[in-house]
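Counting along the sequence shown from 1, when you hit position 30 you're at 30 in the UniProt record's numbering, and nothing is skipped either side.
Reviewing the structure listed below.
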Amino acid sequence: MKHNTSSTATRTTPYEIEGRAFLPGETIGVAILLRNTEANRYGEAQVLIKTAELPSGCEGVVLFGYDSGTLYYEDPR
Numbered sequence: 001m002k003h004n005t006s007s008t009a010t011r012t013t014p015y016e017i018e019g020r021a022f023l024p025g026e027t028i029g030v031a032i033l034l035r036n037t038e039a040n041r042y043g044e045a046q047v048l049i050k051t052a053e054l055p056s057g058c059e060g061v062v063l064f065g066y067d068s069g070t071l072y073y074e075d076p077r
């Protein structure tokens, strides 16, 4: 499944996101997707991210499987 990652609209106002089903008091990470990649035939994914692409204060990088829901977290610091 391919997912559209381009947007022609520029958002100038704050954008609020609300999620449910977290544990009370749980720390929730917020991720911004930089790009997509595709898993190989073994289900493995690799991506090269330049430090300059990471937002200031970046606390982690998450790989997210759109179809499987699989999450992989790595701390780039």
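Even for Gly, the Cβ is constructed at its ideal location relative to N, Cα and C.
Just so you know, these numbers come straight off a predicted model, no measurement behind them.
Do residue i and residue j have their CB atoms nearer than 8 Å?
i	j	result
L34	I49	yes
L62	G29	Note that residue 62 is Val in the sequence shown here, rather than Leu. Contact flag set, yes.
L71	F64	yes
So, at 6 Å on beta carbons, what are the nonlocal neighbours of residue i in its own chain, with the 5 sequence-adjacent residues on each side left out?
i	result
A39	A45
A31	V62
Could you name the residues that DSSP lists as bridge partners for residue i?
i	result
E74	V61
Is any beta-carbon of chain B found at less than 8 Å from that of residue i?
i	result
K50	The structure shown has no chain B; it contains just one protein chain.
Can you give me the Cβ contacts of residue i inside the same chain, cut-off strictly under 7 Å, excluding the 5 residues immediately before and after it?
i	result
E18	none
C58	P76
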